[in-house]
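For reference, the structure is listed below as structure tokens.
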Amino acid sequence: MTKRMEVYDAIAHLKMLQKGRKSKKANGDEADGQAEFVVVEPSKFKRIGRKTTLRQDLANALEIRVFQRLSRFDRCSIEEMKKVMTETNVPLSYSGGGAPVKSIRKAGLEVILRKLLHFLKADAFQGSVKAVNEKVLSVMDASGSGRVDLGMFFAAIAPLFAGSTDRRKRVVFDALLWRQTNEGEGTLIQEVMQSHISSF
1 MTKRMEVYDA
11 IAHLKMLQKG
21 RKSKKANGDE
31 ADGQAEFVVV
41 EPSKFKRIGR
51 KTTLRQDLAN
61 ALEIRVFQRL
71 SRFDRCSIEE
81 MKKVMTETNV
91 PLSYSGGGAP
101 VKSIRKAGLE
111 VILRKLLHFL
121 KADAFQGSVK
131 AVNEKVLSVM
141 DASGSGRVDL
151 GMFFAAIAPL
161 FAGSTDRRKR
171 VVFDALLWRQ
181 TNEGEGTLIQ
191 EVMQSHISSF
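Residue numbers for the sequence shown follow the UniProt record's numbering, beginning at 1 and rising by one.
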């Protein structure tokens, strides 16, 4: 039989859906066998006023949430990420485009990811690394040099970790400062912030 894994995954998914339906009926969440929500085409959403979220922003938020689940970053504390960042000793290197930054090879980055996601089994960790490669590293290493700006990487993934919004914002700022300073300079130039925003 070909494609056995796909068949196995499909069967497991159907069983999970069936269990979900049974539990909803037991809790009285379904009335007359109808689902508790209705799927609406995105094109039918209309902006009522200035405060209504744009359709594209909603789509982006859903895509980020999917990546957050695939990478499993939401299961790791922002404090743990901050600790790993401060304990990681990476020398400054010149990329030829201005100020020196702390860059690292992708193989070294996988070691750091392993520290962050130490609670995952091997297969789940590989799935997480694959998601990070597709969504983050492919953008950050568009030139294919094999090196990644580690501070920018930490700043990009920090909002996905578990913790308060204010704390995650602070860690993003700290990561951007950390990426290009050994002497503890407390300034953050506007170009760095714009580069970080465009990376998202």
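Quick reminder that beta carbons are idealized off the backbone N, C-alpha and C, glycines included.
Using a C-beta cut-off of 8 Å, the segment 70–79 makes contact with the segment 158–168, since at least three inter-stretch Cβ pairs fall below that distance.
For the pair S103 and V148, the CB atoms are nearer than the 8 Å cut-off. The shortest CA-to-CA distance from F153 to any of V139, A59 and D166 is the one to V139. The beta strand (DSSP E) runs of length 3 or more contained entirely in the segment 95–146 are, from start to end of the chain, 101–105. DSSP places V66 within a helical segment (H, G or I) once states are collapsed to three. Per DSSP, V90 lies in no alpha helix (DSSP H) segment and is marked neither H nor E. Listed as beta-bridge partners of D149 by DSSP are S103.
By the neighbour-count criterion, in which 16 or more other beta carbons inside 10 Å mark a residue as buried, V111 falls on the exposed side.
For the pair G151 and R179, the CB atoms are nearer than the 8 Å cut-off. In the DSSP assignment, L177 falls within the alpha helix (DSSP H) that extends over T165 to W178.
Counting only residues of its own chain and dropping the five nearest sequence neighbours on each side, L137 has a CB closer than 7 Å to the CB of K106 and V148.
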